[in-house]
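Reviewing the structure listed below.
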Amino acid sequence: MADPYRPPMATTALERARELRVSSTDAERKLWSYLRGRQLDGLKFRRQHAIPPCIVDFFCSSAKLIVELDGSQHTEESDRVRTRYLQAKGFVVLRFWNNEVLTQTEAVVEAIFNAASASPLTPIPLPQGEGL
4 MADPYRPPMA TTALERAREL RVSSTDAERK LWSYLRGRQL DGLKFRRQHA IPPCIVDFFC
64 SSAKLIVELD GSQHTEESDR VRTRYLQAKG FVVLRFWNNE VLTQTEAVVE AIFNAASASP
124 LTPIPLPQGE GL
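First residue of the sequence shown: 4, per the numbering used here; consecutive thereafter.
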């Protein structure tokens, strides 16, 4: 069964994602060492994952969770627009500054774990005729 969050990509998007993986920042490398290989509660994360037209830093399909790391190259307005777009598609977006990842790694990982572990408000549909 195909993953709905991993659609076929245009060659340019795939190439750009590969370039970003090769040229990752110190903060991205450090956080990836905690997220890779299902180390965080068995959750599968991808790095530099394309969700057109965006390429997000880290993505967990099962939790619909996106983790973005921001450095000096980011502007607040472009980040705000990007976050609204991703949230409108049903994703939870967490943003951390690179400095936070480098100096408060455990707190960042805990925040990611908590966001990924959050249970939905209505875990299963109510039987017909019950509820409001």
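Beta carbons are placed, not taken as given, at the ideal position from N, Cα and C, and that holds for glycine.
Please read these numbers as outputs of a predicted model, since none were measured by experiment.
**Report entry** Cβ separation of residue 119 and residue 34, assumed to be a contact under 8 Å, to the nearest whole Å
**Finding:** Within the sequence shown, numbered from 1, the residue matching residue 119 stands at position 116. Within the sequence shown, numbered from 1, the residue matching residue 34 stands at position 31. Rounded, the Cβ-Cβ distance is 14 Å, inconsistent with contact.
Query raised in the report: Quick one, are the C-beta atoms of residue 105 and residue 53 less than 7 Å apart?
Result: Taking the sequence shown and counting its residues from 1, the one referred to as residue 105 is at position 102. Taking the sequence shown and counting its residues from 1, the one referred to as residue 53 is at position 50. At a Cβ-Cβ threshold of 7 Å, residue 105 and residue 53 do not count as neighbours.
Query raised in the report: If we count the other Cβ atoms within 10 Å of its Cβ and call it buried at 16 or more, is residue 121 buried or exposed?
Result: Position 118 of the sequence shown, counting from 1, holds the residue named residue 121. Burial is judged here by how many other beta carbons sit within 10 angstroms of a residue's own beta carbon; residue 121 has fewer than 16 and is exposed.
Query raised in the report: Cβ atoms of residue 71 and residue 98: under 7 Å apart, would you say?
Result: By 1-based counting over the sequence shown, the position of residue 98 is 95. By 1-based counting over the sequence shown, the position of residue 71 is 68. One thing to note: residue 98 has its Cβ within 7 Å of the Cβ of residue 71.
**Report entry** Coarse secondary structure for residue 30, derived from DSSP in three states
**Finding:** Residue mapping note: residue 30 aligns to position 27 of the sequence shown, counting from 1. Helix, per DSSP.
Query raised in the report: In chain order, what residues of the same chain lie with their CB nearer than 6 Å to the CB of residue 62, ignoring the 5 residues before and after it?
Result: Taking the first residue of the sequence shown as 1, we reach residue 62 at position 59. 49, 52, 69, listed in sequence order.
Query raised in the report: So, residue 38 versus residue 116, is the Cβ gap smaller than 7 Å?
Result: Walking along the sequence shown from the start, residue 38 turns up at place 35. Walking along the sequence shown from the start, residue 116 turns up at place 113. Against a cut-off of 7 Å, the Cβ pair of residue 116 and residue 38 comes out as no contact.
Query raised in the report: What whole-angstrom Cβ distance do residue 67 and residue 95 have, given they're in contact under 8 Å?
Result: Position 64 of the sequence shown, counting from 1, holds the residue named residue 67. Position 92 of the sequence shown, counting from 1, holds the residue named residue 95. Between residue 67 and residue 95 a beta carbon distance of about 6 Å is seen, short of the 8 Å cut, so the two are scored as contacting.
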